[in-house]
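Colleague:
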Amino acid sequence: HVPFFILPTLPAPVVAAPPRPNIVFILMDDLGATDLTCCGSKYYRTPHLDRLASQGMRFTQAYAACPVCSPTRAAILTGKNPTRIGLTDWIPGSRNRIDRRLLNNEFLQQLPLEEVTLAEIFASAGYATASIGKWHLGGEGFSPHDQGFQVALAGVARGGVNSHFAPFLRDSAQLPGLESVPDGEYLADRLTEEAEKFIDANASRPFFLYLPHYSVHTPIQGPKALADDYRQNVTPANLQKNPIYAAMIENMDNNVARILKKLDDHQIADNTIVIFTSDNGGLATIEGPNTPATNNAPFREGKGYLYEGGLRVPLLIRWPSVIKPASICSAPVVSYDFLPTLAEICGLSIPENIDGVSIRPLLEGNPSLPRETLYWHYPHYGNQGGQPGAAIRDGDFKLIEFYETGRRELFNVASDVGEGTNLTDREPELVRTLVEKLDAWRKSLHAEMPKPNPDYSPVVQADDGVVTLPARRADVHGIMLRYEPLPHKNTVGYWVRPDDWVSWEFHLRSPGEYDVEILQGCGNGSGGSTIELRIGDKA
């Protein structure tokens with residue numbers, strides 16, 4: 014006899030799919046790469062952001078897609094390099110001037126509706142979406158509402174406010190949704206309150222909260238009590254010493270803490286990815302009252318420049334149960350990586366023809382990405398003094414090409430983060446290779462190059478007969494020599510090689526004999542230097 018058994022058929026166990034994570038994306042305006050304590054600041058106090066870094070991952074080589082705001086914001090929302098979009102400067106951009114050799118490139122004045130945004134991707138997947146804060150990507154017809162955000166507050170076409178204390182705009186203009194804010198209320202505090210309301214209303218469903226603050230952009234205005242406290246801590250040895258800007262940063266830190274607490278209150282922090290970053294480097298030049306805002310050392314220059322101080326930004330990401338706490342990632346990442354990363358994590362479709370790559374492998378602990386090269390094309394004059402140009406970073410090397418003169422500078426940004434040693438004369442083959450890559454990339458995107466200014470007029474002799482040739486107007490020739498625009502400098506510095514030289518163009522109304530006055534500051538070891546002056550063919 015063979016035993017025969019009949020067993021009941023049991024259904025296979027059902028494993029619930031993990032809930033889709035919420036996204037909180039906090040974007041600061043003009044926050045420098047070293048403006049957080051966890052990123053090296055010895056002056057600003059950011060305990061809550063430091064705690065966020067300790068709970069997640071801090072990136073040491075995060076780049077903005079552009080050294081100014083609007084293009085980076087477009088890159089974040091679309092996953093595309095600003096050059097591909099055709100939006101390459103802050104909106105509306107600066108005017109052309111007769112003392113500049115090139116015309117500023119024309120560019121889009123809004124993010125095209127044809128572009129697929131993060132908000133549209135999330136909304137189509139059932140997420141609640143909100144943009145609360147600065148927009149700066151177009152006005153009527155191109156607002157956050159038109160680009161996939163169901164809730165949109167405080168976003169307008171312009172890029173800044175007249176005051177961080179209400180009323181925020183002049184001439185009875187209002188930030189949409191903030192019309193009833195009482196006079197004197199601080200803008201960052203109100204934006205956080207509105208973000209808290211959005212989280213309260215959507216805590217039970219997946220949401221994408223885009224919180225782009227107007228802070229720490231000019232006007233530099235912070236809570237008085239905090240600024241007074243920071244004034245007591247200014248030391249000559251600290252390059253960061255603006256107490257009002259410091260107050261803005263501590264207020265920013267406190268407002269981030271409120272958002273994190275709200276996630277804890279609703280017990281959704283473990284299922285929420287929090288991203289904190291900036292749109293470009295810190296403002297390190299004089300641009301209005303209470304500026305310069307900060308100092309980006311050890312990085313060179315700041316907002317508006319293609320040097321590291323203008324492109325490097327802080328980046329913190331917290332993703333509980335995935336990112337190892339207190340992780341530090343040194344792989345280069347860039348603004349247009351956010352869209353493919355978040356779409357992949359949330360299982361959403363990724364648009365075609367984008368430039369970003371998913372950095373999920375980095376978040377999961379892998380040390381690098383297969384991508385080697387990053388590109389920038391900025392065919393505009395920056396308000397801060399930056400010149401039209403392009404940059405390419407390939408591995409550890411970065412090449413900058415300036416469109417006015419064709420000058421090129423090559424740096425090893427792994428060993429020379431301050432970009433102080435120009436390697437063009439030592440690495441001619443590498444320069445040639447990087448220039449070829451940069452040219453090919455520009456051609457592939459049909460990048461528009463700036464055109465000569467037909468009205469260009471160099472320095473003109475004043476009515477009193479004086480011809481003034483300022484350092485900022487000099488054409489720099491050579492390897493080490495460079496114009497230093499940082500506050501209280503305005504000089505041509507690093508003049509350590511006899512073969513380096515500078516030149517100016519100027520027009521004389523009256524021929525004759527002229528006295529020449531040269532203002533030279535003698536640093537260590539430069540006493541007794543010989544200066545050769547040539548005007549035309551005379552020396």
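Residues in the sequence shown are numbered consecutively from 14, following the working numbering.
Glycine included, every Cβ here is placed at the ideal spot set by N, Cα and C.
#1: Could you spell out the range, first to last residue, of the alpha helix (DSSP H) harbouring V444?
#2: Is it buried or exposed, D196, if we count other Cβ atoms within 10 angstroms and call 16 or more buried?
#3: Where do the ends of the beta strand (DSSP E) carrying Y416 lie?
#4: From the DSSP output, in three-state form, read off Y258 for me.
#5: Could you tell me the alpha carbon to alpha carbon distance between V28 and L100, rounded to whole angstroms?
#6: By how many angstroms is the C-alpha of L376 removed from the C-alpha of G301?
#7: Just tell me which of I98, H393, L361 has its CA closest to the CA of P465.
#8: Using beta-carbon positions only, say whether E518 and P471 come within less than 8 Å of one another.
#9: For T386, count neighbouring Cβ atoms within 10 angstroms of its own Cβ and tell me buried if that reaches 16, exposed if not.
#10: Am I right that A344 and S381 are in contact with their C-beta atoms under 8 Å? What's the rounded C-beta distance?
#11: Taking only three categories from DSSP, how would you classify V347?
#12: Among all the DSSP beta bridges, which residues are the ones paired with S291?
#13: If you follow the alpha helix (DSSP H) that Y243 is in, where does it begin and where does it stop?
#14: With a threshold of 16 other CB atoms inside 10 Å of the CB of V164, please say whether the residue is buried or exposed.
#15: Am I right that Y349 and G92 are in contact with their C-beta atoms under 8 Å? What's the rounded C-beta distance?
#16: D438: buried (16+ other C-beta within 10 angstroms of its C-beta) or exposed?
#17: Using 8 Å as the threshold, is the region 31-51 in touch with the region 60-70, meaning 3 or more CB pairs across them?
#18: Taking 8 Å as the cut-off, decide whether the C-beta atoms of V505 and V480 are in contact.
#19: N264 and T47 - do their beta-carbons sit closer together than 8 Å?
#20: On a CA-only basis, which of A87, E153, F410, A306 is nearest A260? Give me that one, please.
#21: How long is the line joining the alpha carbons of D159 and Y243, rounded to whole angstroms?
#22: Does R406 come out as helix, strand or coil in the three-state DSSP assignment?
#23: Which runs of the alpha helix (DSSP H), 4 residues or longer, sit entirely within the region 93-142?
#24: Suppose you measure from the CA of M493 to the CA of P511; what does that come to, to the nearest Å?
#25: Taking the alpha-carbon positions, what's the V15 to P374 distance?
#26: Taking 7 Å as the limit between beta carbons, can you name the residues of its chain near W332, skipping five residues before and five after?
#27: Quick one: residues in its chain with C-beta nearer than 7 Å to the C-beta of T130, no 5 flanking neighbours on either side, listed in chain order?
#28: Could you pull out every residue in the same chain whose Cβ sits closer than 7 Å to the Cβ of D550, ignoring the five residues on either side in sequence?
#29: My output table needs one value for I330: the three-state DSSP class, helix, strand or coil.
#30: What did DSSP end up calling I548 once you bin it into helix, strand or coil?
#31: Could you name the residues that DSSP lists as bridge partners for F178?
#32: Less than 8 Å between the CB atoms is what I'm expecting for G317 and G398, so what's the real figure, rounded?
#33: The alpha helix (DSSP H) spanning D63 covers which residue range?
#34: Given this structure, state the Cα-to-Cα distance separating P338 from I330, to the nearest angstrom.
#35: Can you tell me which of the three DSSP states L571 falls into?
#36: DSSP on N267, reduced to helix/strand/coil?
Modeller: So, to answer that:
#1: 441-457
#2: exposed
#3: Element bounds for Y416: n/a, residue is neither H nor E.
#4: helix
#5: Since pLDDT at V28 reaches only 48, below the 50 mark, its modelled position is unreliable, and no value is offered.
#6: 39 Å
#7: H393
#8: yes
#9: exposed
#10: 5 Å
#11: strand
#12: M41
#13: 237-244
#14: buried
#15: 5 Å
#16: exposed
#17: yes
#18: no
#19: no
#20: A306
#21: 42 Å
#22: strand
#23: 95-98, 131-137
#24: 10 Å
#25: Note on V15: pLDDT 49, under 50, position unreliable in the model; the coordinate value appears next. Cα to Cα, V15 sits roughly 56 Å from P374.
#26: G69, I286, L376
#27: L90, T91, Q160, G161
#28: none
#29: strand
#30: strand
#31: Y199
#32: 7 Å
#33: 60-68
#34: 10 Å
#35: Nothing can be reported for residue 571, as the shown portion of the chain is limited to 14 through 552.
#36: helix
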